[in-house]
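According to UniProt numbering, the stretch in the sequence shown is residues 1 to 144, in order. For each residue, glycine too, the CB sits at the ideal point set by N, CA and C. Note that the coordinates shown come from a computational prediction; the quantities given were computed from them, not determined experimentally.
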Amino acid sequence: MAEAASTNNGHQRGRSAVELRVAAELENLAVLRTLVAAVATFEDLDFDAVADLRLAVDEACTRLIRSAVPGSTLLVVIDPRQDAVVIDASTTCKSPDILAPGSFSWHVLSSLTDEVRTFENGQGPDEARVFGISMTTRRASSLQ
Numbered sequence: 001m002a003e004a005a006s007t008n009n010g011h012q013r014g015r016s017a018v019e020l021r022v023a024a025e026l027e028n029l030a031v032l033r034t035l036v037a038a039v040a041t042f043e044d045l046d047f048d049a050v051a052d053l054r055l056a057v058d059e060a061c062t063r064l065i066r067s068a069v070p071g072s073t074l075l076v077v078i079d080p081r082q083d084a085v086v087i088d089a090s091t092t093c094k095s096p097d098i099l100a101p102g103s104f105s106w107h108v109l110s111s112l113t114d115e116v117r118t119f120e121n122g123q124g125p126d127e128a129r130v131f132g133i134s135m136t137t138r139r140a141s142s143l144q
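This is how it looks when you write it as structure tokens:
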């Protein structure tokens with residue numbers, strides 16, 4: 001069996017990656033938070049790391065949903081790795097100014113996770129672009 005099933009945000013996804021596509025609507029945030037908490041708990045992250053990831057996903061997805069083109073789909077990929085859990089969230093947006101380094105949301109995400117990056121995955125419909133936020137939380141065992 002191959003180690004990587006497919007790619008997202010320029011990196012290969014592992015076999016344990018979980019992908020969820022939902023309508024880019026605020027009503028779906030509870031489902032996303034629950035999924036992130038379940039995967040993080042299954043991956044044996046400590047209670048504080050699970051809580052931080054839930055908050056980070058809520059903040060990132062809220063920013064994406066509020067900037068999404070009407071009728072867009074929000075894609076969330078949770079990719080547990082040996083040394084970290086990487087979460088990528090993306091949707092089709094009209095403006096790339098969703099999360100600027102130094103903004104309040106950037107500060108919140110940087111405080112809750114070990115690494116935050118943004119990415120664009122090409123052209124969307126009507127000059128819109130698929131914009132995403134990638135968050136990485138390293139396992140406590142890899143920080144020692």
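Residue i classed as buried or exposed, judged by whether at least 16 other C-beta atoms fall within 10 angstroms
{"i": "residue 132", "result": "buried"}
{"i": "residue 39", "result": "buried"}
{"i": "residue 59", "result": "buried"}
{"i": "residue 80", "result": "buried"}
{"i": "residue 116", "result": "buried"}
Per DSSP, the bridge partner or partners of residue i
{"i": "residue 91", "result": "131"}
{"i": "residue 78", "result": "18 and 87"}
{"i": "residue 116", "result": "135"}
Beta-carbon proximity of residue i to residue j, cut-off 8 Å
{"i": "residue 63", "j": "residue 87", "result": "no"}
{"i": "residue 56", "j": "residue 112", "result": "yes"}
{"i": "residue 77", "j": "residue 17", "result": "yes"}
Bounding residues of the alpha helix (DSSP H) (the contiguous stretch that carries residue i)
{"i": "residue 59", "result": "47-67"}
*Cβ pair count under 8 Å reaching 3, the segment 88-106 against the segment 67-76*: yes
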